[in-house]
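Participant:
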Amino acid sequence: MDWRNKKVLVGGLGRTGVSMLAFLTQAGADVAVYDAQPDEETRQSVSEHYQVDIHTGELAAVLDQNQFDILALSPGISQRHAAIVAFKRAGGVVLGDVAILADLLSGSGSKIIAITGSNGKTTTTSLVGFLCAQCGLDTVVAGNIGMPVLEAYMERAGGKAADVWVLELSSFQLETTPFLNATAATVLNVSEDHLDRYDDLLDYAHSKDRIFRGQTIQVLNIDDVFCRAMLRHDRPVKWFSLQQATDFWLNNGVLCSGKEPLLTCDALSLQGKHNAANVLAAFALCEAIGLPRAQLLQHVREFKGLPHRVEKVAEINGVTFIDDSKGTNVGATCAALLGLDKPIVLIAGGQGKGQDFTPLQAALRNKARAVLLIGVDGHQLGAALTGAAYPVEFCSDLPQATQQAFALAQPGDIVLLSPACASYDMFKGYVHRSEVFIASVQQLQDSAA
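Residue numbers (our numbering): 4 to 452.
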């Protein structure tokens, strides 16, 4: 796309919005920015670096009073906002940073591996990026994993072509990506999340399905009914499974490709069956772009995993403490519970985001020693566990919950922080929540010494 003289409004002044502002200004667009309530530090930084109008207040008024051609929308703003719906009806174009990147990479020779899913996408993206780099490819890892894609693009000395872009994409980012045309892409799974933004689970799944637009090799979870429904019959597909023999599958603790054993789960640093699924998907994606299996098997053993994702913190008097603060939805917590094979004292709760907590009943059955709940929606979560055969207790904060969990745990048990909820009611984010948990565990360690 030729951006010169296009009149563009960048919606949202988070890190993604600022990256779009920087790129579009450089590309010669006539740019303005909008944020309903920008903080003073952001406003000052934008004013210092860019000669642009900064609009605030009601978005409808901003769009009505200016003749913008394009709304470049940050992921945090829904296209279903009434003002944006009206803008599109009047002929305005709405897109996001991933759509801009897809246009930039078209014809560049760079391959794209795109990864989404309710759970596991950050681990899988990191693993795929690691494997690509270890196999000698010039690799960029970007998107929802931390660095906005246009920020990564501009860092490459004027867009120097990479061998492969490995992109973690959220449903929010995919909403504003009409055509990605990835070389290979996956939807790892679909479970309840962000239902405060979507009509229902099917609506949420449809947003994920956009990742396959274009001539993309599909990597799909055959165990997930929504993923099975995403199959396109006119293109290559690779299936992965924890339950049945297929292209990539788990057979009694051994990762297999068809009838060929690849390696045992014990050879991996990643813990839990859900991470076995992530590795299977990563193998399928990497082989889809031509990476040799022998090298993948060699390097996957070296991957250590990521912080705050089923990460062991400490062991005190035979009780293991595991940090899964990144488990911000029910599906992630169920996956963590089902992937661990010892009795568990679960610490959960926070902002529920409109989720149905009842799937936790089955995941906790015959596995929970106790459940300790915190946060604004802790009682709502507790109501879903009414009648449980294990204690369900409410705590005022995370340090108290950690202390009580240790008191209830027995040697050989796991104390698992996997909240099934967002963190912003009590913390700055899931990393801050993790830090408080780790500090609380450290206090227990010091007391036990």
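Built from N, CA and C at the ideal position, the CB exists for glycine as well.
Please state if the CB of ALA164 and the CB of GLY132 are separated by a distance shorter than 8 Å.
Facilitator: Here residue 132 corresponds to residue number 129 of the sequence shown, with the count starting at 1. Here residue 164 corresponds to residue number 161 of the sequence shown, with the count starting at 1. No. Outside cutoff.
Participant: Sort SER272, GLY217, ILE214, ALA284 by Cα distance to TRP242 and report the nearest one.
Facilitator: As a working note, residue 242 is residue 239 in the sequence shown. With distances taken between Cα atoms, TRP242 lies closest to ALA284.
Participant: Taking only the alpha-carbon atoms, compute the straight-line gap between CYS268 and ALA105 and give it to the nearest angstrom.
Facilitator: As a working mapping, residue 268 is identified with position 265 in the sequence shown. As a working mapping, residue 105 is identified with position 102 in the sequence shown. Distance between the alpha carbons of CYS268 and ALA105: 36 Å.
Participant: To the nearest angstrom, report how far apart GLN364 and LEU177 are at their CA atoms.
Facilitator: Along the sequence shown, one-based indexing puts residue 364 at 361. Along the sequence shown, one-based indexing puts residue 177 at 174. Computed Cα separation, rounded: 31 Å.
Participant: Are the region 318-332 and the region 365-384 in contact at 8 Å, needing three or more beta carbon pairs?
Facilitator: Too few Cβ pairs lie closer than 8 Å, so no.
Participant: If I follow the unbroken beta strand (DSSP E) through ALA371, where does it start and stop?
Facilitator: Numbered from its first residue, the sequence shown carries residue 371 at position 368. 371-376 is the span of the beta strand (DSSP E), which, as asked, contains ALA371.
Participant: Taking the CB atoms as reference points, tell me whether VAL169 and CYS135 lie closer together than 8 Å.
Facilitator: Here residue 169 refers to the residue found at position 166 of the sequence shown. Here residue 135 refers to the residue found at position 132 of the sequence shown. Their beta carbons are under 8 Å apart, which means VAL169 touches CYS135 by this criterion.
Participant: Under the rule that 16 or more other beta-carbon atoms within 10 Å means buried, what is PRO151, buried or exposed?
Facilitator: Within the sequence shown, the letter at position 148 stands for residue 151. Burial call: buried.
Participant: Check each candidate in GLN446, ALA410, LEU271 and name the one with the smallest Cα separation from ALA317.
Facilitator: Here residue 317 corresponds to residue number 314 of the sequence shown, with the count starting at 1. The candidate whose alpha carbon is nearest that of ALA317 is GLN446.
Participant: Mind checking PRO239: buried by the 16 CB within 10 Å criterion, or exposed?
Facilitator: For the purposes of this step, residue 239 is taken as residue 236 along the sequence shown, with counting starting at 1. When all chains shown are included, PRO239 counts as exposed.
Participant: What are the uninterrupted segments assigned as alpha helix (DSSP H) that are 4 or more residues long and contained completely in the region 98-186, given in chain order?
Facilitator: Those alpha helix (DSSP H) runs which fall completely within the region 98-186 and span 4+ residues are 100-108, 124-137, 152-158, 174-178.
Participant: Let me know the beta strand (DSSP E) ranges lying completely inside the region 304-342, each 3 residues or longer, listed in chain order.
Facilitator: Correct list: 314-319, 322-326.
Participant: On the three-state DSSP scale, how would you describe VAL439?
Facilitator: As a working note, residue 439 is residue 436 in the sequence shown. VAL439 falls in the helix class under three-state DSSP.
Participant: Excluding five sequence neighbours on each side, which residues of the same chain lie with their C-beta closer than 7 Å to the C-beta of ILE292?
Facilitator: Numbered from its first residue, the sequence shown carries residue 292 at position 289. Result list for ILE292: LYS114, ILE116, VAL167, THR186, ALA187, in chain order.
Participant: Specify, as a first and last residue, the run of the alpha helix (DSSP H) that GLY385 falls within.
Facilitator: By one-based count along the sequence shown, residue 385 stands at place 382. Counting along the chain, the alpha helix (DSSP H) containing GLY385 begins and ends at 381-386.
Participant: May I ask you to report which of helix, strand or coil DSSP gives GLU263?
Facilitator: Walking along the sequence shown from the start, residue 263 turns up at place 260. Strand, per DSSP.
Participant: What residue from PRO394, ALA297, GLY353, ASP400 has the CA that sits closest to ASP380's CA?
Facilitator: For the purposes of this step, residue 380 is identified with residue 377 of the sequence shown, where counting begins at 1. Per the Cα distances, GLY353.
Participant: Using the C-alpha atoms, what's the distance from PRO402 back to LEU204?
Facilitator: Counting from 1 along the sequence shown, the entry for residue 204 is found at position 201. Counting from 1 along the sequence shown, the entry for residue 402 is found at position 399. Spanning the two alpha carbons is a distance of roughly 34 Å.
Participant: What would DSSP say about ASN8, mapped onto helix, strand or coil?
Facilitator: Here the question's residue 8 lines up with position 5 in the sequence shown. ASN8 falls in the coil class under three-state DSSP.
Participant: Exposed or buried, which one is PRO78 when buried takes at least 16 other CB atoms within 10 Å?
Facilitator: In the sequence shown, counting from the first residue as 1, residue 78 sits at position 75. By the neighbour-count rule (16 or more Cβ atoms within 10 Å), PRO78 is buried.
Participant: Write down every uninterrupted run of the alpha helix (DSSP H) in the region 381-428 whose length is 4 residues or greater and which is fully enclosed by it, in chain order.
Facilitator: Segments of the alpha helix (DSSP H) lying fully in the region 381-428: 381-386, 401-411.
Participant: Could you give the C-beta distance for GLU75 and GLY14, rounded to a whole number, given that I count them as a contact under 8 Å?
Facilitator: Walking along the sequence shown from the start, residue 75 turns up at place 72. Walking along the sequence shown from the start, residue 14 turns up at place 11. Per the sequence presented here, residue 75 reads as Ala, with Glu not at that position. ALA75 to GLY14, Cβ: 7 Å. Contact.
Participant: Buried or exposed for ASN255, please, with buried defined as at least 16 other CB atoms from any protein chain shown within 10 angstroms of its CB.
Facilitator: Within the sequence shown, the letter at position 252 stands for residue 255. ASN255 is exposed by the Cβ-count criterion.
Participant: What does DSSP give as the partner residue(s) for ASN254 in the beta ladder?
Facilitator: What you label residue 254 is simply residue 251 of the sequence shown in a count that begins at 1. Answer is VAL257, bridged to ASN254.
Participant: Across the region 411-431 and the region 331-348, are there enough close Cβ pairs to call them in contact, namely three or more that are closer than 8 Å?
Facilitator: As far as the Cβ criterion goes, the region 411-431 touches the region 331-348, which means the pair count is three or higher.
Participant: Find the nearest neighbour of ALA39 within the set VAL303, ALA64, GLN413, HIS52, judged by alpha-carbon distance.
Facilitator: By one-based count along the sequence shown, residue 39 stands at place 36. Here the closest residue by C-alpha is ALA64.
Participant: DSSP state of GLN354, grouped into three classes?
Facilitator: Counting from one through the sequence shown, the residue named residue 354 turns up at place 351. Three-state DSSP puts GLN354 in a strand.
Participant: Near PHE306, which residues of its chain fall below 6 Å by C-beta distance, leaving aside the five closest residues on each side in sequence?
Facilitator: Taking the sequence shown and counting its residues from 1, the one referred to as residue 306 is at position 303. Cβ within range, chain order: LEU130, PHE133.
Participant: Taking its Cβ as the centre, do 16 or more other Cβ atoms sit within 10 Å of ARG92, making it buried, or is it exposed?
Facilitator: By 1-based counting over the sequence shown, the position of residue 92 is 89. Looking at its Cβ environment, which holds fewer than 16 other Cβ atoms inside 10 Å, ARG92 is exposed.
Participant: Tell me, to the nearest whole angstrom, how far the beta carbon of ASN469 is from that of ASN122; I am working on the premise that it is less than 8 Å.
Facilitator: Any question about residue 469 goes unanswered here, given that the chain covers just 4 to 452.
Participant: Would DSSP call THR361 helix, strand or coil?
Facilitator: Position 358 of the sequence shown, counted from the start, is the residue given in the question as residue 361. Looking at THR361 - three-state DSSP - the assignment turns out to be coil, as it is neither helix nor strand.
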